[in-house]
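As numbered in this note's numbering, residues 7 to 307 make up the sequence shown, in order.
Don't be surprised by glycine CBs; every beta carbon is placed ideally from N, CA and C.
As the structure is a prediction and not an experimental result, all values here were calculated from the model.
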Amino acid sequence: MQQQKNDKTTCLLLALTTIFWGSLYTASKVLLDVIQPFTLLCLRYIIAAIAMTILQRLRKPDPNGKPRRIKGGDWKYVIMFGLGGYVLSIGLQQYGTKLAGASLASLINCMNPIAICFFAVLLLHERMTMKKVVCIVSAVAGAVCIVGGDAGGGHILGIALSLGSVLTWSALSVFMRSFSQKYDALTVTTYGIYVAAIGTLPLMLREVITHPEMDFLHAKYILVLLYVAIFCTTIPHSLWNYCLSRAEASTCSLFYPIQPLTSMVLGVLLLNEHMTVGFIAGAVLIVFGVLYSTLGKEKTR
């Protein structure tokens, strides 16, 4: 009974995580009009690092919890997560979106569940069940319905960068699943964000020098930036790593298609975008895939 309750809590947190990430696309549309990609990324991580530090200070020690002190030999993995996952992968995603267009980049990003499941089976020897296959096919098909209609021909470099982002993030998510069994998830996320903030700082400085016209020090943009740093970075990255410590990577990946669904809903509500038949059909398929993955368990002996 307790295990079933924990599973439902994990599913709820995964849904919340992908909703926050989905809102990032809408918020980024506002910010990227006045700020360069790596400048935005660095500011996100600096603010997130401050927030994560405060969270760590407020937490009470848990003698029965996982270790919060990273051993010397494991720091190379934390650096790999920070530079590979938070800098390289998300940097590729932002530039891929800029070159290929938001719709095509979102469509490519929908391949994350497939890539994560592939790496999970290959590296962690997770079992690929028929239920997971049905959920992935349904959810990815729904995402294709939502963004596929607008995904015309994109710049080949943008497509390549977006694919690189998917493969990098998927591989590191699977590795994080293994690493988070050893260490406290919030601690790993905090140090990863520190590494990312340091790693993106030179890139931000370069953009500040080459693009002196950036002007985002206005209340509207600062509020959106704070939202992106807290609700699209600090909270979802922490929840994602926490959920990876509690559920299989392939199971976590099933919630990814909620991102384009959230993005499109917010686009309709906040940016006056139009709701299409493809959006409605895609929403139904995504909701079915997520509900089927969370309601009812496969019979085991």
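Legend entry - Gly288 and Gly148 closer than 8 Å at C-beta: Along the sequence shown, read from residue 1 onward, the residue named residue 288 stands at position 282. Along the sequence shown, read from residue 1 onward, the residue named residue 148 stands at position 142. Their beta carbons are under 8 Å apart, which means Gly288 touches Gly148 by this criterion.
Legend entry - Cβ neighbour criterion (16 or more within 10 Å) applied to Gly90: Here the question's residue 90 lines up with position 84 in the sequence shown. Gly90 comes out buried.
Inset, instruction - Indicate, with yes or no, if the ligand HEM has a heavy atom lying under 7 Å from the CB of Lys104. - result: Looking for the ligand HEM in the displayed structure turns up nothing, as the structure carries no ligands at all.
Legend entry - From Asp221, Leu231, Thr45 and Leu291, residue whose alpha carbon lies closest to that of Gly97: Translated into positions along the sequence shown, residue 97 becomes position 91. The shortest Cα separation from Gly97 among Asp221, Leu231, Thr45 and Leu291 belongs to Thr45.
Inset, instruction - Could you tell me whether the Cβ atoms of Pro43 and Lys138 are closer together than 8 Å? - result: If you number the sequence shown from 1, residue 43 lands on position 37. If you number the sequence shown from 1, residue 138 lands on position 132. Not in contact: Pro43 and Lys138 (Cβ atoms no closer than 8 Å).
Inset, instruction - Enumerate in chain order the residues of its own chain whose CB-to-CB distance from Met220 is below 6 Å, with the five nearest sequence positions on each side excluded. - result: Taking the sequence shown and counting its residues from 1, one reaches residue 220 at position 214. Counting only Cβ-Cβ distances below 6 Å, and skipping sequence neighbours, we find Ile41.
Legend entry - DSSP state of Glu132 mapped onto helix, strand, coil: Counted from its first residue, the sequence shown places residue 132 at position 126. Coil.
Legend entry - Same chain, Cβ closer than 8 Å to Phe237, neighbours up to 5 away in sequence not counted: The sequence position of residue 237 within the sequence shown is 231, counting from 1. So the list reads Phe26 and Ser29, once near-sequence residues are dropped.
Legend entry - Exposure of Asn247, with buried meaning 16 or more beta-carbon neighbours within 10 Å: On the sequence shown, residue 247 is found 241 positions in, with the first residue counted as 1. The residue in question, Asn247, is buried, as its Cβ has 16 or more Cβ neighbours within 10 Å.
Legend entry - Own chain, CB closer than 6 Å to Thr239, minus 5 neighbours either side, in chain order: Reading the sequence shown from its first residue, position 233 is the one you call residue 239. So the list reads Arg50 and Ala54, once near-sequence residues are dropped.
Legend entry - At least three beta-carbon pairs within less than 8 Å, the stretch 166-175 to the stretch 114-127: yes
Legend entry - Tyr101, enclosing alpha helix (DSSP H) - first and last residue: In the sequence shown, counting from the first residue as 1, residue 101 sits at position 95. Where Tyr101 is concerned, the enclosing alpha helix (DSSP H) stretches over Ile96 to Ala106.
Inset, instruction - Enumerate in chain order the residues of its own chain whose CB-to-CB distance from Leu209 is below 6 Å, with the five nearest sequence positions on each side excluded. - result: Locating residue 209 in the sequence shown gives position 203, where the first residue counts as 1. Excluding positions up to five away in sequence, the list reads Phe44.
Legend entry - Other residues of its chain near Arg252: CB distance less than 6 Å, five sequence neighbours each side excluded: In the sequence shown, residue 252 corresponds to position 246, counting from 1. Excluding positions up to five away in sequence, the list reads Thr16.
Legend entry - CA-to-CA distance, Val201 to Leu207, given in whole angstroms: As a first step, residue 207 is located in the sequence shown; it is residue number 201 there, counting from the start. As a first step, residue 201 is located in the sequence shown; it is residue number 195 there, counting from the start. For Leu207 and Val201, the distance between alpha carbons rounds to 10 Å.
Inset, instruction - Please confirm if the stretch 259-266 is in contact with the stretch 73-93, defined as three or more CB-CB distances below 8 Å between the two stretches. - result: no
Inset, instruction - Measure the alpha-carbon distance for Leu231 versus Leu19 and round it to whole angstroms. - result: On the sequence shown, residue 231 is found 225 positions in, with the first residue counted as 1. On the sequence shown, residue 19 is found 13 positions in, with the first residue counted as 1. One C-alpha to the other measures close to 23 Å.
Inset, instruction - Could you pull the start and end residues of the alpha helix (DSSP H) that Ser179 belongs to? - result: Position 173 of the sequence shown, counted from the first residue, corresponds to residue 179. Its alpha helix (DSSP H) spans residues Ile162 to Phe185.
Legend entry - Proximal residues to Val293 (C-beta, below 6 Å), its chain only, five neighbours per side dropped: The sequence position of residue 293 within the sequence shown is 287, counting from 1. The answer is none, since no qualifying residue turns up.
Legend entry - Assumed close pair Ala255, Val180 - CB separation to whole angstroms, cut-off 8 Å: Numbered from 1 along the sequence shown, position 249 holds the residue referred to as residue 255. Numbered from 1 along the sequence shown, position 174 holds the residue referred to as residue 180. The pair is a contact, with the Cβ atoms about 5 Å apart (cut-off 8 Å).
Legend entry - Segment limits, alpha helix (DSSP H) that includes Arg212: To locate residue 212, count along the sequence shown from 1; it is residue 206. Note, Arg212: alpha helix (DSSP H), Ala191 to Thr216.
Inset, instruction - Figure out for me which residue from Glu132, Asn118 and Gly164 has the closest Cα to the Cα of Gln100. - result: Looking up residue 100 in the sequence shown gives position 94. Checked all of Glu132, Asn118 and Gly164; the closest Cα to Gln100 is Gly164.
Legend entry - Three-state secondary structure (DSSP) of His243: By 1-based counting over the sequence shown, the position of residue 243 is 237. Helix, per DSSP.
Inset, instruction - Apply the 10 Å Cβ neighbour rule to Leu297 and answer buried if 16 or more other Cβ atoms are within range, or exposed otherwise. - result: By 1-based counting over the sequence shown, the position of residue 297 is 291. Leu297 should be labelled exposed.
Legend entry - Proximity of Thr59 and Leu277 at Cβ, strictly below 8 Å: Here residue 59 refers to the residue found at position 53 when the sequence shown is read from its first residue. Here residue 277 refers to the residue found at position 271 when the sequence shown is read from its first residue. Going by C-beta atoms, Thr59 is not nearer than 8 Å to Leu277.
Inset, instruction - State yes or no: is the C-beta of Tyr197 within less than 8 Å of the C-beta of Ile76? - result: Against the sequence shown, residue 197 aligns to sequence position 191. Against the sequence shown, residue 76 aligns to sequence position 70. In contact: Tyr197 and Ile76 (Cβ atoms closer than 8 Å).
Inset, instruction - Name the two residues that bound the continuous alpha helix (DSSP H) containing Pro43. - result: The count along the sequence shown starts at 1 and reaches residue 43 at position 37. Residues Pro43 to Leu64.
Legend entry - Backbone CA spacing between Thr306 and Ala191 [nearest angstrom]: Working through the sequence shown from its first residue, we reach residue 306 at position 300. Working through the sequence shown from its first residue, we reach residue 191 at position 185. In this prediction, Thr306 has a pLDDT of 41, which is less than 50 and means its spatial position is unreliable; nothing more can be read from the coordinates.
Inset, instruction - With DSSP collapsed to three states, give me the class of Gly71. - result: Taking the sequence shown and counting its residues from 1, one reaches residue 71 at position 65. If DSSP states are grouped into helix, strand and coil, Gly71 belongs with coil.
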